[in-house]
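What follows is a single structure, written as structure tokens, with notes after it.
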Amino acid sequence: MSFIERQTTQLTRKHSAIGGTGKIPNAKKPRSRPPKSLRDRIGFPFAHLPPSSGPYSVGSMVIEVPAESPRPISHIKRDGKHLLRLETVLFTLYYPAAFGTGTGRDPAGYKKWSRETWLPRPRLETAKGYARFAGIPGWMGEAIFGTTAFTKLPAFRNPAPANHWPPEGNTKRNGQKIKNQQGEPPEGHPEEPKFPLLIFSHGLGGTRTCYSTMCTEFASYGFVVCAVEHRDGSGPRTFVNHAKEGDGSLQNLEKQNNVEHTDEERKRGVDKVDYIFPKGNPKDTAPHNEKGIEEAYRVLRDISEGRGEEVARSNLRRKGYVGASSRGLEGIDWSRWKDRFHVDKITMAGHSFGAATVVEVLRNTDRFKNVQAGIIYDIWGAPIKPPEDDPAHRIHLPLLGINSEAFMYWQANFDAAMSLMKEAKEQEAPAVLCTVRGSVHINQSDFSVLYSNITSFFFKATVHPQRAIDLNISASLEFLREVTSGAGKSIIMRCLTDEELLKTQPLEQMPNDHKPNDEWIAARLKIKHEFRTRLASGIQRKMKRQLKNGSHSPGDEVWMHVRPNKEEMKNWRMKSNCDFDDYEDNTIETGDSDTAVEQDGRDTSERDTGVDGGSEEDENRVAPADTGDALMAGTQDTWLGMLPALQKEQSSSEESSSEQCPSISRR
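Read left to right, the sequence shown gives residues 1 to 667 (full-length UniProt numbering).
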């Protein structure tokens with residue numbers, strides 16, 4: 001039986017020597033990055049985000065414009081009115097920036113360049129929203145997020161887009177000067193590159209800025225990244241502005257469309273959307289985010305087709321509106337944006353709940369005709385419905401899944417991820433699923449970078465936060481290089497530092513070294529003898545780095561579960577008429593034996609023994625009852641429910657008569 005076909009069965013998880021340390025002894029250092037600015041070098045109490053590692057400088061702009069088709073997006077009502085409405089679309093656009101970004105005067109003529117704040121404005125209100133989301137007092141949320149009140153995104157506001165190809169190389173070999181160096185265009189390509197487009201969907205409790213490290217990394221490697229802020233109650237708090245008059249105004253919305261507002265909303269002139277779950281069915285987690293993605297795509301298409309000035313005129317994130325910067329979109333030369341990125345070839349990416357949105361998009365390519373691939377970061381399986389019988393509404397585009405180690409131990413969720421791989425494989429699309437060792441759920445967001453000590457101490461993450469980002473970006477770029485074509489592929493090949501992560505051999509048996517107790521499944525890892533193992537592995541890692549030609553393989557940092565073999569890649573190449581690099585002939589099938597995994601010629605069968613002489617393998621086998629598979633057996637329209645660690649909390653919330661569930665801290 002093939003490994004992928006066991007997605008609904010219980011996998012044997014086996015202790016292996018390669019994963020038995022607190023830190024990761026063979027891990028590489030994070031990539032070389034430019035030095036931080038003086039402002040970002042200030043230590044406590046203000047956290048900071050790292051500069052991007054790619055060959056491009058990064059710019060950003062914030063856009064909120066009225067939706068083309070304002071409408072309710074959910075059946076949830078309060079006081080007889082629809083609570084969730086699509087009235088505007090809000091996103092931050094990250095992109096490769098032109099030479100000179102960050103030096104001299106900015107495009108609007110200001111002496112100092114501006115950067116967007118990581119905590120969306122109004123910052124105090126957003127902090128209160130996070131407190132409500134986490135179920136803690138407002139003052140506590142203000143204290144925790146006060147440490148990021150002055151944190152800025154690692155991207156300058158409103159620079160011109162880059163019009164050059166970067167030189168071959170990276171910041172480690174060429175230093176930060178590579179960001180202001182020009183290379184020759186690849187043969188057959190124009191002098192001015194056309195960048196690939198990636199749309200990013202955040203998870204529960206996220207905003208358009210919560211994944212800025214990932215988004216700016218993609219932008220530094222040549223992508224235009226649209227990070228959408230969803231208004232479906234999945235974020236901590238977001239503000240919906242309305243035009244003061246004309247299209248998008250409250251009067252027009254209520255007159256021409258089926259959109260309702262309360263008297264308080266009319267008085268304020270702005271809507272506030274908090275984290276919401278339905279009162280009658282708290283498990284109703286079906287994503288509505290794809291509707292906002294359609295609206296965001298319309299705006300991006302307008303910019304690419306030369307209608308940027310119209311977008312700027314309707315922008316509601318300018319002086320005089322809630323959550324806006326006084327600079328708005330000042331100084332942007334929209335003529336330089338015409339035909340600069342691919343609106344006909346889109347990559348969809350998302351984390352956790354946002355990854356479920358990606359699945360919905362991939363299953364509905366009749367609506368999203370220009371999507372070419374999907375990336376799901378640590379997907380949360382609860383919102384995902386089983387595939388439809390109609391093959392046209394199944395995943396038939398390339399799919400990459402990157403798990404955290406913490407979520408890998410949640411068997412029901414892992415089965416859901418494996419089912420998606422099988423779904424894509426049945427439609428003859430390349431499917432890859434891997435796990436970043438030592439990582440937890442928040443390692444793919446900015447939270448692990450901003451709160452690294454909390455991530456390490458409380459969640460027991462052992463991977464370096466920046467290295468976790470590097471691994472996610474490397475795997476994503478390597479995957480997109482294989483499944484994209486044309487200029488999009490060319491810019492990836494020019495910028496990519498190939499770590500060969502996707503050439504890692506699939507595991508034959510699942511590791512179980514850091515599986516926590518049942519109440520902490522998916523929420524954290526478990527490290528035995530934590531102080532000793534962390535210290536020992538740190539010393540071991542430093543010694544190995546000092547050795548000449550120190551041994552390192554991708555399998556030291558990434559576990560592979562599913563990957564296409566050579567025949568599958570050949571079939572996809574013929575089906576999609578794309579050119580691909582040669583793919584190694586490595587099957588995704590694994591054996592059913594209990595032998596240990598072999599990687600790079602090393603026998604990893606050695607394992608610890610218990611005090612009674614029995615192997616720790618016997619103690620660490622996962623029984624179905626250990627994984628929380630049956631916790632949500634009553635949910636009929638999704639594969640699984642919430643984190644086992646939060647099951648008790650959810651049960652309490654169902655008995656509550658409150659309209660919202662602020663005590664739920666769901667991923």
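Where is the CB? At the ideal position from N, CA and C, for every residue including glycine.
Inset, instruction - Out of Asp-390, His-396 and Arg-437, point me to the one whose CA is closest to Glu-405's CA. - result: Among Asp-390, His-396 and Arg-437, the Cα nearest to that of Glu-405 belongs to Arg-437.
Inset, instruction - Could you check the C-alpha separation between Phe-200 and Pro-137 for me, to the nearest Å? - result: When rounded, the distance between both Cα atoms is 30 Å.
Inset, instruction - State the start and end residues of the unbroken alpha helix (DSSP H) segment that holds Glu-245. - result: It is not in any alpha helix (DSSP H) - Glu-245 carries neither H nor E in the DSSP assignment.
Legend entry - Three CB pairs or more closer than 8 Å across the region 393-412 and the region 205-224: Judged by Cβ distances under 8 Å, the region 393-412 makes no contact with the region 205-224, as fewer than three pairs qualify.
Legend entry - Coarse secondary structure for Asp-339, derived from DSSP in three states: Correct three-state label for Asp-339: coil.
Inset, instruction - Could you tell me which of Val-311, Lys-112, Arg-208 and Pro-186 sits nearest to Trp-334, measuring between CA atoms? - result: Of the listed residues, the one whose Cα sits closest to Trp-334 is Val-311.
Inset, instruction - Assign Ser-490 to one of three DSSP states: helix, strand, or coil. - result: In the structure shown, Ser-490 sits in a helix (DSSP, three-state: H, G or I).
Inset, instruction - To the nearest angstrom, report how far apart Arg-340 and Glu-192 are at their CA atoms. - result: If I take the Cα positions, the gap works out to 8 Å.
Legend entry - Under the three-state DSSP convention, the category Trp-113 falls into: In the structure shown, Trp-113 sits in coil (DSSP, three-state: anything other than H, G, I, E or B).
Inset, instruction - Within the same chain, show all residues whose beta-carbon is closer than 6 Å to that of Pro-398, passing over the 5 residues directly before and after it, in chain order. - result: These residues qualify, in order along the chain: Ala-373, Ala-429, Pro-430 and Val-483.
Inset, instruction - Drop a sphere of 10 angstroms on the beta-carbon of Asn-370, count the other beta-carbons inside from all chains shown, and report buried for 16 or more, exposed for fewer. - result: Asn-370 is classed as exposed because its beta carbon has fewer than 16 other beta carbons within 10 Å across all chains shown.
Inset, instruction - Tell whether a beta-carbon distance below 8 Å holds between Gly-235 and Tyr-297. - result: Taking a C-beta distance under 8 Å as the contact criterion, Gly-235 and Tyr-297 do not qualify as a contact pair.
Legend entry - Sequence-distant residues of its chain with Cβ nearer than 7 Å to Ser-593 (five each side left out): At Ser-593 the pLDDT is 32, less than 50, meaning the model places this residue with poor confidence and gives no usable figure here.
Inset, instruction - Give the C-beta separation of Arg-563 and Leu-502 to the nearest angstrom, bearing in mind that I take them to be a contact with Cβ-Cβ under 8 Å. - result: Yes, they are in contact, since the Cβ atoms of Arg-563 and Leu-502 sit about 6 Å apart, within 8 Å.
Inset, instruction - Quick one: which unbroken alpha helix (DSSP H) runs of 4-plus residues sit fully inside the region 173-241? Chain order, please. - result: Listed in chain order, the complete alpha helix (DSSP H) runs (minimum 4 residues) inside the region 173-241 are 212-220.
Inset, instruction - Have a look at the DSSP bridge pairing and note the partners of Ile-375. - result: According to DSSP, Ile-375 bridges with Ala-349 and Leu-400.
Inset, instruction - Check the C-beta distance from Val-259 over to Pro-70 and give it rounded, since I have them as a contact under 8 Å. - result: For a cut-off of 8 Å, the C-beta gap from Val-259 to Pro-70 is around 5 Å, short enough to register as a contact.
Legend entry - Arg-481 classed as buried or exposed, judged by whether at least 16 other C-beta atoms fall within 10 angstroms: That one is buried.
Legend entry - Short Cβ contact (8 Å threshold) for Gly-381 with Ala-424: At the C-beta level, Gly-381 and Ala-424 stay beyond 8 Å of one another.
Inset, instruction - Could you give the DSSP three-state label for Thr-497: helix, strand or coil? - result: The answer is coil: DSSP assigns Thr-497 none of H, G, I, E or B.
Inset, instruction - Identify every residue that forms a DSSP beta bridge with Thr-92. - result: Paired residues: Val-62 and Ala-227.
Inset, instruction - Tell me, to the nearest whole angstrom, how far the beta carbon of Thr-151 is from that of Trp-113; I am working on the premise that it is less than 8 Å. - result: With 8 Å as the limit, Thr-151 and Trp-113 do not qualify as a contact, their Cβ atoms being about 16 Å apart.
Inset, instruction - Would you tell me roughly how many angstroms separate the C-alpha atoms of Ala-108 and Pro-159, rounded to the nearest one? - result: Per the coordinates, the alpha-carbon of Ala-108 lies some 9 Å from the alpha-carbon of Pro-159.
Inset, instruction - In angstroms with no decimal places, state the Cα-to-Cα distance between Arg-39 and Pro-154. - result: Whole-angstrom Cα-Cα distance: 11 Å.
Inset, instruction - Taking the CB atoms as reference points, tell me whether Met-61 and Ile-332 lie closer together than 8 Å. - result: It is a contact, given that the beta carbons lie within the stated cut-off.
Inset, instruction - Give me the Cα-Cα distance between Glu-519 and Phe-414, rounded to the nearest whole angstrom. - result: Going by the C-alpha atoms only, they are around 17 Å apart.
Legend entry - Cutoff 6 Å; reference Pro-51; Cβ partners in own chain excluding five residues on either side: So the qualifying residues of the chain are Arg-33, Pro-34 and Pro-154.
Inset, instruction - Please determine, among Lys-489, His-561, Ser-485 and Asp-470, the residue with the shortest C-alpha to C-alpha distance to Lys-28. - result: Nearest option by C-alpha distance: Asp-470.
Legend entry - Helix, strand or coil at Asp-600 [DSSP, three-state]: Confidence at Asp-600 is low in this model, with a pLDDT of 35, below 50, so its placement is unreliable and the value that follows should be read with caution. Residue state, collapsed to three classes: coil.
Legend entry - Pick from Glu-294, Val-358 and Glu-568 that is closest to Ile-73, judged by C-alpha positions: Its Cα nearest to that of Ile-73, the residue Glu-294 stands out among Glu-294, Val-358 and Glu-568.
Inset, instruction - Check Ile-588 in the structure and name its three-state DSSP category. - result: In this prediction, Ile-588 has a pLDDT of 38, which is less than 50 and means its spatial position is unreliable; nothing more can be read from the coordinates.
Inset, instruction - Take Ser-53 as the anchor and find which of Pro-30, Gln-509 and Phe-46 has the nearest alpha-carbon. - result: Residue Pro-30 is the option with its Cα nearest to Ser-53.
Inset, instruction - Please go through the region 401-444 and give each complete alpha helix (DSSP H) segment of 4 or more residues, from N-terminal end onward. - result: Listed in chain order, they are 405-408 and 411-426.
Legend entry - Whether Val-224 touches Gly-292 by CB criterion (8 Å): The beta carbons of Val-224 and Gly-292 sit no closer together than 8 Å.
Inset, instruction - Pull up the distance between the alpha-carbon of Asp-389 and that of Ser-576, whole angstroms please. - result: Within the model, the alpha-carbon separation for Asp-389 versus Ser-576 is close to 23 Å.
Legend entry - Exposed unless 16 or more other CB atoms sit within 10 angstroms - verdict on Gly-140: One detail in the question is off: residue 140 reads as Met in this sequence, not Gly. Answer is exposed; the Cβ neighbour count stays below 16.
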